[in-house]
Amino acid sequence: MVDMSTSLSGATFPNPVMTASGCAAAGRELGQFLDVAMLGAVVTKSIMLAPRSGRPTPRMAETPSGMLNSIGLQGPGIDAFLERDLGWLVDAGARAVVSIAGGSVADYAALAERLPGSAGVSAIEVNISCPNVESRGEVFACDPVAAAAVLAAVRSAADPAVPVFAKLSPDVTDIVAVAVSCAEAGADGLTLINTLLGMAIDPISMRPALAGTTGGLSGPAIRPVAVRAIWQVHRALPAVPIMGVGGVRTGLDALELVLAGAAAVQVGTAIFGDPSAPVRVLAELESALAERGFAKFTDAIGFAHRAGG
Amino acid sequence: MSTPAPVQQLAEVVDVRPVGAYLEIGLRLPVAVDFVPGQFAALAVGGDRSSMLLRRCFSIYRIDRGVLWIVFAAQGAGTRWMAARRPGDPVDVIAPLGRPFRPPSATAAAGPVTLVGGGYGSAPLFSLAATLRGHGLAVHFVLGAATAGRLFGVAEASRLGDSVTVTTDDGSAGTQGWVSDALPAVLASTGSTVVYACGPMAMLRAVSELATASGATAQVAVEEAMACGIGVCMTCVLPVVGADGVTRMTRSCVDGPVFDGTAIRWPQAATGAVPVDALGAVVTGPP
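Protein chains in written order, with my numbering: chain A, 1 to 309; chain B, 310 to 596.
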């Protein structure tokens with residue numbers, strides 16, 4: 001038996017395997033295929049202040065070992081989320097990590113203020129891969145200053161007992177610079193990585209495959225990018241906890257992110273193909289750790305940095 | 310209406326065999342599941358190290374003695390993998406999924422009904438016909454395809470239906486034209502009060518509008534592209550008017566695939582657009 005518990009800036013979780021934002025809605029649909037209480041946490045789809053219809057269709061294109069999506073953050077808004085969804089997660093015994101998204105620093109702060117304290121929310125994950133309406137649509141995550149402004153505002157508005165994580169985009173020249181900037185602004189931890197911007201063209205119609213032209217690439221195709229980003233950021237900021245996400249389909253995939261420095265692992269696109277994947281990944285990760293002689297999950301975090309230098 | 314809960318399980322291929330121009334695959338389900346016509350199954354393809362991550366969704370043709378049958382055409386990498394399965398091979402299946410066709414008893418006088426299908430999209434109509442006959446209803450079929458060889462289930466429709474009308478684009482079987490060309494006369498002569506249809510969006514729109522024009526209701530099963538089939542990915546949405554009169558981008562996997570024809574915003578559904586008055590529509594440009 002491996003002690004699978006993990007801790008993220010004061011929030012403790014019975015195990016490190018979570019769903020990734022946008023891949024499990026708010027947990028209820030997945031509850032038909034697995035017990036959400038068995039997961040480390042359910043990370044919700046990003047919640048915004050107002051309901052949002054999302055982008056036109058087609059919104060999805062399958063790519064080799066991956067997929068492109070251009071959903072456009074379709075969601076019910078914070079009021080309906082608090083009324084319908086969060087209570088369900090708590091009643092189901094799940095730990096909720098609530099992802100929030102906005103178009104301005106004020107949006108993010110208002111969302112953080114609306115969320116309940118640590119009894120209902122285990123952590124806040126700030127999705128900063130959104131266009132800043134006050135800066136010609138530049139994505140917050142691509143600008144260390146804008147990203148820091150969001151994280152400072154969320155940290156100050158949120159319940160002090162709830163850790164705040166910044167979810168970073170890999171589509172930057174220097175992800176370590178953005179990570180440092182967020183940490184200095186008050187982020188308690190980091191989620192690495194969001195999707196990569198990609199595009200596909202349908203050879204039959206000879207037009208972009210997505211109505212939104214470009215989309216976020218996810219799935220096993222991007223796992224090496226996640227491993228690299230986690231490795232670089234953990235090396236630079238060894239004391240800042242990282243939730244690793246990107247292309248995890250098996251326990252060994254999860255282990256790879258952990259060895260690079262992740263203190264928790266989110267399963268995302270794999271859920272679309274296998275809704276029970278998170279519990280399978282958890283079982284496989286525990287076996288993999290046991291086979292390698294780890295008594296505690298936390299001993300494996302960042303192990304690749306230590307083993308053989 | 311309560312529908313059977315979906316089960317994810319490893320099924321065993323019983324057979325893959327040609328059925329007309331198409332293929333049918335039989336999957337033995339270790340855990341017995343029930344279904345209501347119009348519901349679908351989501352199959353993982355390519356094995357557990359597959360580079361194809363997304364489920365393939367197919368309407369359920371029938372479940373017979375623990376074997377789930379699906380009709381498909383081997384036209385992409387995923388369906389070609391399905392076509393290459395042999396008896397005994399494992400396939401990960403989730404079924405049944407989605408909201409099914411509803412019998413007319415609660416909403417309309419128990420008049421005759423017409424079932425409309427294009428190509429192998431007609432697959433779920435045969436179990437539906439059996440169910441509706443069980444309700445004591447007269448059942449009429451209108452089946453269409455591009456050409457005679459692409460029709461599916463005409464003989465089965467003849468066994469199950471009170472009448473069968475066939476159309477082909479090229480006139481190689483039945484009447485030349487589309488199902489929507491033949492439908493008004495069928496509705497008029499049979500006095501159908503409900504039309505059930507499945508097939509491509511343009512056909513469903515035409516069927517829905519013709520049904521409304523003749524005073525009938527339409528229940529249509531849409532074929533939106535899905536990534537997960539279980540309601541988490543928000544890929545398979547289309548604009549649907551709710552009971553409160555509000556249009557929402559609605560998931561066809563959990564709130565459909567069967568919708569009332571009058572609830573779908575057809576012009577936008579045809580193009581993938583979000584209606585400007587949909588809940589949460591992002592209005593860009595000057596107000």
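Glycine is no exception: its CB is placed at the ideal position from the N, C-alpha and C atoms. Quick caveat: nothing in here was measured; it's all calculated off a predicted structure.
Cβ-based burial, residue i [other Cβ within 10 Å; buried from 16]
i        : result
B:Val555 : exposed
B:His444 : exposed
B:Asp401 : buried
B:Gln485 : exposed
A:Pro131 : exposed
A:Met206 : exposed
B:Gln577 : buried
B:Pro339 : exposed
A:Gly273 : buried
B:Arg389 : exposed
A:Val145 : exposed
B:Arg459 : buried
B:Glu532 : buried
B:Met310 : With a pLDDT of only 49 at B:Met310, under 50, the local geometry of the prediction cannot be trusted, and no value is derived from it.
A:Val227 : buried
A:Glu62  : buried
Min CB distance residue i to chain A below 8 angstroms
i        : result
B:Gly589 : yes
B:Val541 : yes
B:Met510 : no
B:Pro313 : no
B:Arg408 : no
B:Val546 : yes
B:Ala534 : yes
B:Gln348 : no
B:Cys507 : no
B:Ala404 : no
B:Ala353 : yes
B:Pro595 : Because B:Pro595 carries a pLDDT of 43, less than 50, the predicted location of this residue cannot be relied on, and the following value inherits that uncertainty. Answer no: the Cβ-Cβ gap between B:Pro595 and chain A never drops below 8 angstroms.
B:Ala320 : no
Residue-chain proximity (residue i, chain B), Cβ-Cβ < 8 angstroms
i        : result
A:Ile71  : yes
A:Ile271 : yes
A:Ser169 : no
A:Gly66  : yes
A:Cys182 : no
A:Ala37  : no
A:Asp274 : yes
A:Cys130 : no
A:Ala25  : yes
A:Gly215 : no
A:Leu252 : no
A:Leu30  : yes
A:Glu62  : yes
A:Trp88  : no
Within chain A, the residues that residue i reaches when beta carbons sit closer than 7 angstroms
i        : result
B:Ser489 : Simply none; closest approach about 23 angstroms.
B:Val448 : In chain order: nothing, as chain A lies at least about 33 angstroms away.
B:Met558 : Ser53, Gly54 and Gln74
B:Gln384 : Within 7 angstroms Cβ-Cβ: nothing; B:Gln384 doesn't reach chain A, min ~11 angstroms.
Closer than 9 angstroms at the beta carbon, the chain B residues around residue i
i       : result
A:Ala11 : Within chain B, no residue comes near A:Ala11; the closest Cβ sits about 24 angstroms away, beyond 9 angstroms.
Chain B contact residues for residue i, given Cβ-Cβ distances below 8 angstroms
i        : result
A:Met199 : Residues of chain B passing the Cβ test: none, with the nearest at roughly 17 angstroms.
A:Pro16  : Going along chain B, no residue has its Cβ under 8 angstroms from A:Pro16, so there is no contact; the nearest lies around 21 angstroms.
A:Gly219 : Leu362
Chain A contact residues for residue i, given Cβ-Cβ distances below 8 angstroms
i        : result
B:Gly581 : Pro56, Thr57, Pro58 and Ala211
B:Cys366 : Going along chain A, no residue has its Cβ under 8 angstroms from B:Cys366, so there is no contact; the nearest lies around 11 angstroms.
Cross-chain neighbours of residue i in chain B, by beta carbon under 7 angstroms
i        : result
A:Ala343 : There is simply no residue 343 of chain A to check, as chain A begins at 1 and stops at 309 in what is shown.
A:Phe33  : Gln317
For residue i: DSSP bridge partner residues
i        : result
B:Ile372 : B:Leu377
A:Ile69  : Note that residue 69 of chain A corresponds to Asn in the displayed sequence, not to Ile. A:Asn69 is bridged to A:Met60 and A:Gly216.
B:Gly427 : B:Gly453
B:Leu496 : Paired residues: none, contrary to the question.
A:Met199 : A:Thr214
A:Pro160 : DSSP, once it has assigned bridges, lists no residue as partnering A:Pro160.
A:Ala304 : Partner(s): none; A:Ala304 has no beta bridge.
B:Pro399 : B:Glu321
List, from N- to C-terminal side, the beta strand (DSSP E) runs of 3 residues or more that fit wholly inside the segment 111 to 140 of chain A.
Segments of the beta strand (DSSP E) lying fully in the segment 111 to 140 of chain A: 123 to 127.
What are the start and end residues of each continuous alpha helix (DSSP H) run of 4 or more residues lying completely inside the segment 202 to 254 of chain A, in chain order?
223 to 236
Length-filtered (4 minimum) alpha helix (DSSP H) runs lying within the segment 521 to 587 of chain B
The qualifying runs are 575 to 580.
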